[in-house]
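S.K.: Residue numbers (the working numbering): 2 to 182. So that we are looking at the same thing, I have put the structure below in structure tokens.
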């Protein structure tokens, strides 16, 4: 008689399904019809209008264009349907936590990986970053950094689906053209 060993999942992996290596994997077939795929593709290829773009000052005084999180989520709901997509945090990694010995203020930075999954199982993942400097307490610092990192990762994952979800902003000429309108 042999002993069975049950391994505990690593932190953060307790929700992921582990595939059985002895089962034959079946190819994933999209649950979207050809017509739905064509409609989605058409929606995703569109460029964002100027009303969706925000700007802030960046390095060397240059303007950095971005799409605000609430607009990105609203666009995803419009493109995929309110129940046609979901997002999940795959991993959070604390990069640094520093406490100033004199002021006891906290500075921290962390990375977040978010997965955006469509109704048919198609997904994209991307990484986001959150940080805060000189915060009064650890809880507030972690809350702010986690929210910032998760929002950043969500927007970056959504942009992988197409132009209308923010990918067009990465075309260097596009923001200057659309902001002139």
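Glycine is no exception: its CB is placed at the ideal position from the N, C-alpha and C atoms.
Go ahead and pull the three-state DSSP assignment for residue 69.
M.R.: Note: residue 69 maps to coil in three-state DSSP.
S.K.: Could you check which residue in 165, 129, 142, 167 has the C-alpha nearest to that of residue 151?
M.R.: Closest by alpha carbon: 129.
S.K.: Hey, quick one: how far does the beta strand (DSSP E) through residue 38 stretch, first residue to last?
M.R.: Counting along the chain, residue 38 falls outside any beta strand (DSSP E), though it belongs to the alpha helix (DSSP H) covering 35–46.
S.K.: Pull up the CB-CB distance for residue 108 and residue 134, whole angstroms please, since I reckon it's below 8 Å.
M.R.: Confirmed, about 5 Å.
S.K.: Just to check my reading of the structure: residue 111 and residue 131 have Cβ atoms closer than 8 Å, yes? What is that Cβ distance to the nearest angstrom?
M.R.: Yes, they are in contact, since the Cβ atoms of residue 111 and residue 131 sit about 6 Å apart, within 8 Å.
S.K.: Rounded to a whole number of angstroms, what is the C-alpha to C-alpha distance between residue 178 and residue 101?
M.R.: Looking at the two C-alpha atoms, the distance is approximately 45 Å.
S.K.: Give me the DSSP bridge partner(s) of residue 133.
M.R.: Per DSSP, 109.
S.K.: Which partner residues of residue 97 appear in the DSSP bridge assignment?
M.R.: According to DSSP, which records beta bridges pairwise, residue 97 is partnered with 110.
S.K.: Going by DSSP in three states, residue 116 sits in which element: helix, strand or coil?
M.R.: Reduced to three states, the DSSP call for residue 116 is strand.
S.K.: For residue 88, write down the residues that DSSP places opposite it in a beta bridge.
M.R.: Looking at the DSSP assignment, residue 88 forms a beta bridge with 117.
S.K.: Is it true that the CB of residue 120 sits closer than 9 Å to the CB of residue 42?
M.R.: Against a cut-off of 9 Å, the Cβ pair of residue 120 and residue 42 comes out as no contact.
S.K.: Which residues bound the beta strand (DSSP E) around residue 54?
M.R.: Per DSSP, residue 54 belongs to the beta strand (DSSP E) from 54–58.
S.K.: Using C-beta distances below 7 Å, list every residue in its chain close to residue 3, excluding the 5 sequence neighbours before and after it, in chain order.
M.R.: With a pLDDT of only 48 at residue 3, under 50, the local geometry of the prediction cannot be trusted, and the value read off the model is given with reservation. Excluding sequence neighbours, residue 3 sits near nothing in its chain.
S.K.: Taking the Cβ atom as the reference point for each residue, do residue 156 and residue 67 lie within a distance shorter than 9 Å?
M.R.: A contact, by the Cβ cut-off of 9 Å.
S.K.: Quick one, are the C-beta atoms of residue 165 and residue 47 less than 9 Å apart?
M.R.: Yes, they are a contact pair.
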